[in-house]
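Working notes, structure below.
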Amino acid sequence: MASNALVGVWDPPDPLGPDEAIPLLEGRRLQMYKALVENDSYYELSLLFPSLAADLAGMGYMKAASGAGIKMRTDRTIHNRAMFVLLHSIPKDLLRSLILGTVAFEAQRLAPRLPCYNAEGPGAYAATMAIEGRNDAFKAWKIHRGNPQSASHKILRDFAEDVDNQYGKRDANKPNELRFIRESSVWKVEALIQSLERRCHTSISGSDMTRQVASPLYVGCSKNIVTRAPAYQPRNGLKNANKLWGLVCCLLNSMGKPPSVNVVPIIRTWNRTDLPLAEVLVTMLGNSLVCQDGFNGHGPGTATDGGTVDVLKHAERVVLIYKPYLKINIEATKKEMERREEYLEDCEIVAGFPDAEAQDLIERVDEKYQDLLEAIDLWEARFKNLMVVRDVLQNKVAAAQKYVEYLRNVKSVLGAVTSVLDQPEQAPRTDDDADMGDDDHDDHDHDHDHDDHVDSDDYDTEGDDDEYEVVSNAPSVDLGNY
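Everything in the sequence shown is counted per our numbering, starting at 22 for the first residue and increasing by one.
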């Protein structure tokens with residue numbers, strides 16, 4: 022799986038291994054890459070710590086390498102898993118890039134940018150170089166070693182001086198002394214040449230002509246990365262930079278291929294004792310030792326952190342609060358460890374079959390299962406009863422609504438009849454009718470008494486206007502308790 026910045030530029034080969042863009046994806050680097058991309062957490066990668074410690078122990082010829090191996094091997098016992106925690110503070114895309122050696126290529130992409138910490142404060146970093154004008158790639162080239170016997174001493178001296186003076190100048194008090202190579206460090210230059218030659222992988226067609234996305238790294242640490250980073254920029258003279266780094270920068274420029282340099286913070290530390298551990302970890306993850314394929318000619322882990330308490334507290338807030346990387350990665354590893362713990366418990370149970378304890382466990386689980394089935398049947402029956410009750414209630418509500426509507430109709434009719442009966446007589450009244458008025462009044466009152474007791478089941482008004490004839494067909498409603 023490639024990071025976002027490599028999509029469309031490098032597709033991992035199938036099967037995974039060296040190709041023209043990343044020719045050194047093999048050995049321990051390939052093992053670390055698989056451990057990272059084939060798992061959701063860093064746990065599998067952390068299991069390689071003993072192997073990385075053994076690699077360091079096998080570099081006894083390199084100063085401080087064995088001590089770095091001890092630090093890595095004793096991380097769980099002596100250092101209280103500090104290196105394990107530091108590993109989880111690295112953003113995943115940045116860690117993938119570090120292992121592949123593509124930090125230079127990806128760090129200079131405009132979008133998407135590699136996630137990383139700011140450089141203000143203590144921590145471990147990776148210094149990277151690419152070739153300017155080559156789309157941030159590191160062009161592979163074949164190394165042709167010169168034969169001192171085939172040229173005059175003056176030509177070789179002039180060439181060495183020209184390389185030395187590409188960036189900065191030789192010491193005026195030592196005009197004939199090489200800036201970047203000492204007699205005691207010739208073996209380091211030889212190792213660097215071999216690693217560069219391996220990038221022209223003989224088994225990969227065109228690897229010596231391809232603009233590679235992977236390039237060698239230099240890993241260091243500092244109590245303040247932002248003040249240390251300028252030392253690796255060629256324009257600043259390279260006086261305080263790693264010697265092999267300075268040599269390659271000058272050689273590239275003399276070949277007309279000026280390097281583009283970038284220093285990327287990989288880990289921010291917040292405990293004084295963590296700074297050398299961070300350097301050891303990043304060095305091994307980035308394969309940056311010269312006997313691997315980087316620029317580091319000295320074993321890591323010898324630096325000390327002299328930062329103030331306030332600086333360390335700020336760094337702690339950055340890693341633990343402001344940035345999400347540590348929390349996300351620790352949660353992922355926690356889930357992975359829980360999953361593996363459950364797997365081991367299952368294995369123990371399976372390995373113990375058929376013992377009495379396991380049999381008892383099976384019987385109890387079976388009982389619980391039967392109880393569960395009975396409970397399900399009970400709740401299904403209750404649910405069906407509730408559905409029946411719901412239907413009955415819905416029918417009663419519908420019947421009640423119909424009856425209410427009927428009563429409203431009856432009320433409307435009665436109101437209309439009453440208004441008609443209450444209208445006064447329009448014909449003029451004579452004296453002869455006076456004596457009959459009381460009788461008519463009594464009859465009218467009687468009619469009103471009759472109207473007030475209308476039988477709602479069958480009512481028929483009498484009159485010349487059929488508009489007030491009402492035939493009631495009230496629905497038969499069983500309201501039960503209502």
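Virtual Cβ for every residue (Gly too), placed ideally from N, Cα, C. The structure displayed is predicted, hence computed values, not measured ones.
Can you have a look at residue i and say buried or exposed, based on whether 16 or more other CB atoms are within 10 angstroms of its CB?
i	result
A147	buried
N197	exposed
C242	buried
Q391	exposed
T304	buried
G79	exposed
T123	buried
V269	buried
L36	According to the sequence provided, residue 36 is Pro. The question's Leu does not apply to it. The residue in question, P36, is exposed, as its Cβ has fewer than 16 Cβ neighbours within 10 Å.
R200	buried
D32	exposed
K209	buried
A193	exposed
N101	exposed
L399	exposed
D179	exposed
R338	exposed
S433	exposed
P39	buried
A250	buried
Y82	exposed
Q313	buried
P34	exposed
Is residue j closer than 7 angstroms to residue i when the C-beta atoms are compared?
i	j	result
S281	A151	yes
A324	P286	no
E86	L77	Checking the displayed sequence, the identity of residue 86 turns out to be Ala instead of Glu. Yes. Within cutoff.
V340	L333	no
V517	A212	The structure shown has nothing for residue 517, since the chain only spans 22 to 503.
L116	C137	no
R50	N245	no
G144	I349	no
L265	G318	yes
G315	P255	no
L46	L57	no
Q52	N283	no
P279	E153	yes
G322	E300	yes
V184	S275	yes
M104	L365	no
R293	D326	yes
To the nearest angstrom, how far is the alpha carbon of residue i from that of residue j?
i	j	result
L108	L119	12 angstroms
A379	R385	10 angstroms
P112	R134	12 angstroms
E363	A42	41 angstroms
R219	K92	30 angstroms
A262	A252	6 angstroms
K355	D387	32 angstroms
G88	F126	32 angstroms
A336	P345	14 angstroms
L414	M358	55 angstroms
S206	I342	44 angstroms
W291	K84	27 angstroms
A75	K55	19 angstroms
A437	V418	29 angstroms
N257	N186	12 angstroms
Y424	L435	17 angstroms
G277	T95	47 angstroms
L217	I370	53 angstroms
V441	N430	17 angstroms
R403	L393	15 angstroms
L273	L68	39 angstroms
K175	G142	47 angstroms
Tell me residue i's beta-bridge partners as DSSP assigns them.
i	result
S243	G144
H288	Before going further, note that residue 288 is Ile rather than His in the sequence given. For I288, which the question treats as bridged, DSSP gives the partners A145.
I120	Paired residue(s): none; I120 is not in a bridge.
I176	None; I176 has no bridge partner.
R134	DSSP, once it has assigned bridges, lists no residue as partnering R134.
M150	V282
N317	L310
L213	Bridge partners of L213: none, in fact.
Between residue i and chain D, is the shortest Cβ-Cβ distance under 7 angstroms, so that the two count as touching?
i	result
G327	Of the protein chains in this structure there is only one, and it is not chain D.
> Counting only runs that start and end within the stretch 330-394, where is the alpha helix (DSSP H) found for 4 or more residues in a row?
Replying inline: 330-338 and 346-373
>> In chain order, what are the residue ranges of uninterrupted beta strand (DSSP E) at least 3 long that sit wholly in the stretch 61-95?
In response: none
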